[in-house]
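So the sequence shown is numbered by our numbering: it starts at 314 and just counts up by one. C-beta atoms are modelled at their ideal positions from N, C-alpha and C, and glycine is treated no differently. Data block below; observations after.
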Amino acid sequence: MISALPWVGVAAGMILNAWNSDRTQERHLHLGAAAVLGGACLLGAFLVEPGWRAVVLLLLGGLGLGGAQGVFWAIPVSLLRREDTGPGITVVNMIGNTAGMIMTPLVGIIRQQTGDFAATIYLLCAIIAVAAVLVLGLRAAASGQAGRSD
Numbered sequence: 314m315i316s317a318l319p320w321v322g323v324a325a326g327m328i329l330n331a332w333n334s335d336r337t338q339e340r341h342l343h344l345g346a347a348a349v350l351g352g353a354c355l356l357g358a359f360l361v362e363p364g365w366r367a368v369v370l371l372l373l374g375g376l377g378l379g380g381a382q383g384v385f386w387a388i389p390v391s392l393l394r395r396e397d398t399g400p401g402i403t404v405v406n407m408i409g410n411t412a413g414m415i416m417t418p419l420v421g422i423i424r425q426q427t428g429d430f431a432a433t434i435y436l437l438c439a440i441i442a443v444a445a446v447l448v449l450g451l452r453a454a455a456s457g458q459a460g461r462s463d
């Protein structure tokens with residue numbers, strides 16, 4: 314039962330963050346903040362002693378990561394012209410699949426070399442942080458482009 318709590322957080326994050334993002338028509342900050350929350354809570358859950366604090370942090374981490382997932386696909390669609398949406402989504406999906414193929418053996422290699430999962434947790438949290446920075450940077454670039462007349 315306790316192992317389901319992070320997934321409850323994921324579901325709640327997807328629904329609530331996507332709803333609020335649709336309501337406000339803001340995507341980048343909703344994704345970036347949710348990713349930061351998810352990554353920070355996952356790191357926190359790893360660093361605290363096992364117990365209720367870790368479970369709460371995993372629940373909040375799920376809330377953040379689910380919130381980021383719920384908003385994610387609205388961003389590429391908003392950045393691409395209508396005729397480029399299909400190929401653009403295909404490229405984004407291909408990058409995600411490639412990352413999944415690389416990360417799976419990489420986690421095993423890191424675990425084998427270090428003897429524990431600490432380095433893989435740090436790597437995962439760093440990747441989430443980089444993603445949040447990139448999305449927030451994309452927001453800044455998009456708002457800078459909105460003011461240009463060329």
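Own chain residues within Cβ distance below 7 angstroms of residue i, not counting five before or after
i	result
Trp320	Gly375
Gly460	With a pLDDT of 45 at Gly460, under the threshold of 50, the modelled position of that residue is not reliable, and no figure is offered here.
Ala358	Ala367, Leu370, Leu371 and Gly374
Thr304	Residue 304 is absent from the structure shown; the chain starts at 314 and stops at 463.
Leu318	Val368, Leu371 and Leu372
Contact set for residue i: own chain, Cβ-Cβ below 8 angstroms, skip 5 residues either direction
i	result
Ser462	In this predicted model, Ser462 has a pLDDT of only 43, less than 50, meaning its place in the structure is not dependable enough to derive any value.
Met314	none
Val323	Gly375, Leu376, Leu378, Gly379 and Gln382
Pair within 9 angstroms by beta-carbon distance, residue i and residue j
i	j	result
Val361	Leu355	no
Ala331	Gly383	yes
Ala387	Ser334	yes
Ala412	Gly352	no
Pro389	Val405	yes
Leu437	His341	no
Ile423	Ala432	yes
Contacting residues, own chain, Cβ-Cβ under 6 angstroms from residue i (five flanking each side not counted)
i	result
Leu393	Gly401
Touch test, the region 394–402 against the region 344–363, Cβ-Cβ under 8 angstroms, three pairs minimum: no
Three-pair Cβ contact test at 8 angstroms for the region 379–388 versus the region 324–331: yes
Completely contained alpha helix (DSSP H) runs for the region 337–378, where each covers 4 or more residues: 341–360
Runs of alpha helix (DSSP H) wholly within the region 364–444 (minimum 4 residues, chain order): 365–385, 387–392 and 398–427
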